[in-house]
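Visitor:
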Amino acid sequence: MKIAQFYTDSGALGLGILAGEILLPIQFDGDLIDFINKAPESYPLGKGVPVSDVKLAPVVSRPSKIIALGLNYHDHVKESKGKIPQLPLIFAKF
């Protein structure tokens with residue numbers, strides 16, 4: 426199951442299930458973390474909407490931690506005029 430957050434016409438966050446190029450809105454009050462902590466299969470689905478007609482939102486709207494990899498693809502290494510690292514460059518924001 427692929428779950429997405431999106432912005433509704435009023436600008437509020439909505440949740441949906443991605444089925445190929447279709448987003449099926451979920452009737453749920455809360456955010457993605459609340460949804461995952463409950464039983465996702467038990468919520469009613471709305472009418473499908475093409476993903477191209479929806480503005481997707483960040484998957485997690487209020488992360489408590491961010492862990493990232495630096496210089497994780499060749500073009501980024503080239504544009505920074507650096508060398509490909511021997512080990513992954515990992516950094517975090519808390």
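Residue numbering for the sequence shown follows my numbering, starting at 426 and increasing by one per position. The beta carbon of each residue, even a glycine, is placed where N, CA and C say it ideally should be. Owing to the predicted nature of the structure, the values given are computational and were not obtained by experimental measurement.
Between the beta-carbon of residue 443 and the beta-carbon of residue 476, is there less than 8 angstroms?
Guide: Reading the sequence shown from its first residue, position 18 is the one you call residue 443. Reading the sequence shown from its first residue, position 51 is the one you call residue 476. Against a cut-off of 8 angstroms, the Cβ pair of residue 476 and residue 443 comes out as a contact.
Visitor: Can you tell me which of the three DSSP states residue 460 falls into?
Guide: Here the question's residue 460 lines up with position 35 in the sequence shown. Helix, per DSSP.
Visitor: Quick one: grab the DSSP three-state call for residue 523.
Guide: The structure shown does not extend to residue 523, since the chain is modelled only from 426 to 519, so the question has no answer here.
Visitor: Could you tell me whether the Cβ atoms of residue 440 and residue 460 are closer together than 8 angstroms?
Guide: Taking the first residue of the sequence shown as 1, we reach residue 440 at position 15. Taking the first residue of the sequence shown as 1, we reach residue 460 at position 35. Yes; because the gap between Cβ atoms is below 8 angstroms, this pair is in contact.
Visitor: Buried or exposed: which applies to residue 450, given that a residue is buried once 16 or more other Cβ atoms fall within 10 Å of its Cβ?
Guide: Within the sequence shown, numbered from 1, the residue matching residue 450 stands at position 25. Buried is the call here.
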